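All remarks here apply to the structure that follows.
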Amino acid sequence: MLHRNTMGGAGAADGISEVVGFVIILAVIIAGLSLYLVYGVPVLGREAEIARMDGVRGWFVDYKTSVDQLWLNSPAIPNNSTPYVPGDPDPHLDRKALFSISSGQMTLRRVINPGAIQEGGFIVRYLPMLAPIPASEEVSIRTDDTFTVSGWRYGREVLNWSNTSPALVYSSHNNYWLQQEYYYQLGGVFLRQWDPTGEVPEKVMVVLAPPLSIYSPDVGGTGYQTMAGLVVVNLTAYRGGLGARSPVRVETRLVTDPLPLVAVDETQPYEFSDVSLTFRAGNDQPASNQAALAWYTIFNGAAARNGLNTSYYNVSLSGPVARIEILGYEDNPNIPDVQFGALEASYVIKLENVPTIIE
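Numbering (my numbering), first residue to last: 61 to 419.
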């Protein structure tokens with residue numbers, strides 16, 4: 061009687077089953093890792109970059125507030141004056157004590173980390189190849205734009221101030237989120253944002269407006285029909301752009317007390333028949349048009365915010381140039397019915413890499 065050897069066949073079947081099971085498990089693991097790399101990593105990376113850019117926005121808001129405090133605490137700005145109109149140059153003792161060139165309180169130091177912060181965790185520590193790729197950004201000074209202040213009286217130009225308008229710029233190089241650029245310029249904070257392709261800037265948004273005020277005084281007050289005040293925050297760059305992911309220290313120093321911009325005829329230093337403010341962006345189209353559009357919004361907002369009669373001013377936009385003309389009540393070049401006060405706050409800004417965050 062013949063006996064069939066079934067032990068070898070059962071062992072081979074078990075071996076095949078184990079191999080098949082291992083292959084299936086391996087396939088599931090690979091599929092899971094693939095899904096994580098394709099869908100999970102971009103989500104984590106996008107969340108990290110959004111959080112990072114929100115932090116950059118907060119940094120620029122704090123930077124503007126701190127820079128404003130430098131010129132606000134200057135002895136040239138007395139305690140009882142408004143932030144935007146030059147007042148009595150005689151400083152008060154308490155304000156003078158707060159601001160002293162010799163004590164170094166005119167210098168602001170802030171550190172910004174241009175690289176995306178990597179949170180700790182098992183994957184980041186032990187499996188960095190599965191973690192989102194950290195972004196690298198750039199902190200730089202851009203000097204493409206110009207700002208002009210002009211004032212007329214009795215048919216001739218008696219005030220003309222024009223200068224480049226350097227900007228402190230934080231440019232993102234995000235891997236999973238929109239490309240964004242925050243910058244501080246002329247006392248304002250702006251956000252430039254690109255479309256998903258990263259090629260065309262969608263818009264430039266005003267985060268915080270520069271110190272500009274335009275309004276009409278009460279009837280029977282000063283006698284002027286239109287009043288305007290401006291602080292020109294003028295930056296001079298000491299260093300250019302710094303890239304990579306290491307922290308960057310931004311040192312901002314107020315060079316002198318804010319100086320008033322006055323007419324050549326000092327008998328009427330703040331009285332004009334017509335005043336114009338002009339912002340001209342650089343030649344990088346269409347980004348320049350977007351920057352000019354942001355200033356067009358600023359000019360319109362400054363006048364409309366205080367309910368100024370629309371016949372007292374004219375706002376125009378032409379390509380990279382935005383302008384507001386403050387006309388006053390009388391359309392007569394011989395009637396100085398616009399009171400305009402402006403200060404120039406000059407800063408020197410210096411950038412340098414630091415090995416670690418020191419704040």
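No residue lacks a Cβ here, since even glycine has one placed at the ideal position from N, Cα and C. Computed from a predicted structure; not experimentally measured.
Close beta carbons around E109, own chain, < 7 Å, minus the five adjacent residues each side = A176, A195, N234, Y236, W237
| message | Here's a check: name, in chain order, each residue in its chain whose Cβ is nearer than 6 Å to the Cβ of R169, leaving out the five neighbours to either side. | response | E311
* **Contact set for E385: own chain, Cβ-Cβ below 6 Å, skip 5 residues either direction** => S336, N374
Exposed unless 16 or more other CB atoms sit within 10 angstroms - verdict on I84: exposed
Note to self: Assuming S102 is part of the alpha helix (DSSP H), what are its boundary residues?
What the structure shows: It is Pro, not Ser, that sits at residue 102 in the sequence shown. Taken as a continuous stretch (DSSP letters only), the alpha helix (DSSP H) holding P102 covers 101 to 132.
- Which whole runs of the beta strand (DSSP E) in the segment 218 to 286 are 3 residues long or more, in chain order? 227 to 231, 240 to 245, 248 to 254, 261 to 268, 272 to 275
Beta-carbon gap between G247 and P270 smaller than 7 Å
yes
At a cut of 8 Å, does the segment 209 to 217 reach the segment 384 to 404 through at least three beta carbon pairs? yes
Q) Hey, how far is the Cα of Y407 from the Cα of D128? A) 11 Å
Just to confirm my understanding: we take P146, look at its own chain, exclude 5 residues before and 5 after, and list those with CB closer than 6 Å. What are they? Here P146 scores only 39 on pLDDT, less than 50, and its place in the model should not be relied on; the value that follows carries that caveat. So the list reads P320, G401, L403, once near-sequence residues are dropped.
Review point. Which stretch, first to last residue, makes up the beta strand (DSSP E) that contains A382?
Key: 381 to 386
Practice item. Could you have a look at L295 and say whether DSSP puts it in helix, strand or coil? Key: strand
| Residue burial classification, S77 (beta-carbon count within 10 angstroms, cutoff 16) | exposed
Exercise for review: Would you tell me roughly how many angstroms separate the C-alpha atoms of Q354 and V103, rounded to the nearest one?
Suggested key: In the sequence as presented, Gln is not what sits at residue 354; that position holds Ala. Going from the Cα of A354 to the Cα of V103 covers about 32 Å.
- Query: What separation, rounded to the nearest whole angstrom, lies between the Cα atoms of L228 and I201?
  - Reply: 5 Å
Buried or exposed: where does L214 fall if 16 or more other Cβ atoms within 10 Å of its Cβ makes it buried? According to the sequence as given, residue 214 is Tyr; it is not Leu. Its Cβ having fewer than 16 others within 10 Å, Y214 is exposed.
> Are there 16 or more other CB atoms within 10 angstroms of the CB of I89, so buried, or fewer, so exposed?
Replying inline: exposed
Q. If you draw a straight line from the alpha carbon of S333 to that of Q350, how long is it in whole angstroms?
A. 31 Å
For the beta strand (DSSP E) holding S336, just list the boundary residues, first then last.
334 to 340
Identified DSSP bridge partners for L403: V291, P320
According to DSSP, which residues form a beta bridge with V310? R170, L411
- Would you report the Cα separation of P277 and V121, rounded to the nearest angstrom? 30 Å
Specify the secondary structure class of A214 as computed by DSSP and reduced to three states. According to the sequence as given, residue 214 is Tyr; it is not Ala. Three-state DSSP puts Y214 in coil, outside helix and strand.
Determine the contact status of L268 and V293, defining contact as a CB-CB distance below 7 Å. no
If you measure between the beta carbons of V308 and N413, is that distance less than 7 Å? yes
inquiry  = Here's the rule I'm using: 16 or more other beta-carbon atoms within 10 Å means buried, otherwise exposed. How should P380 be labelled?
reply    = buried
Buried or exposed by the 16-neighbour rule on C-beta atoms within 10 Å, applied to M189: exposed
**Q.** Those residues which DSSP pairs with Y373 across a bridge
**A.** I386
* Asked: Mind checking whether V171 and V324 have CB atoms under 7 Å apart?
  -> no
| query | Are the CB atoms of S225 and D205 nearer to each other than 7 Å? | reply | yes
- Message: Using the three-state DSSP reduction, which class does E78 fall into: helix, strand or coil?
- Response: helix
Check whether the Cβ atoms of L130 and L314 lie closer than 7 Å to each other.
-> yes
inquiry  = Can you tell me whether V315 is helix, strand or coil according to DSSP?
reply    = coil
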